[in-house]
Amino acid sequence: MRQGGMITIQNLGTALRVVRPDGTTEEFAASPANQSSRYQEAASHDAIVIDAREALVMKRGSTPQTCKR
1 MRQGGMITIQ
11 NLGTALRVVR
21 PDGTTEEFAA
31 SPANQSSRYQ
41 EAASHDAIVI
51 DAREALVMKR
61 GSTPQTCKR
């Protein structure tokens, strides 16, 4: 993900859906399953941490990016 790009994060309860600018989607399950702030994508191990109005997006091999609403 490049800096300045826009993604949409949809809260599905026990998961998040990320919609990228090109329209592709990726789902992240709560990790561990009983909480609502940390999510991980199983195949890639990419992760998102939600904290109030910010999301820390971590992709393997890339610098973590902080996203704001």
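Residue numbers (the numbering used here): 1 to 69.
Even glycine gets a Cβ: it sits at the ideal position worked out from N, Cα and C.
Contact set for residue i: own chain, Cβ-Cβ below 8 angstroms, skip 5 residues either direction
i	result
E27	L12, A15, L16, R17, V18 and E41
M1	In this predicted model, M1 has a pLDDT of only 43, less than 50, meaning its place in the structure is not dependable enough to derive any value.
Own chain partners of residue i with C-beta closer than 6 angstroms, once the 5 adjacent residues on each side are dropped
i	result
S36	none
R69	R53
Given residue i as reference, the closest of the options once Cα atoms are compared
i	options	result
S31	A43, R20 and A47	A47
T66	E54, K59 and D22	E54
A29	H45, P64, S62 and M6	H45
T25	N34, R38, Q10 and G5	Q10
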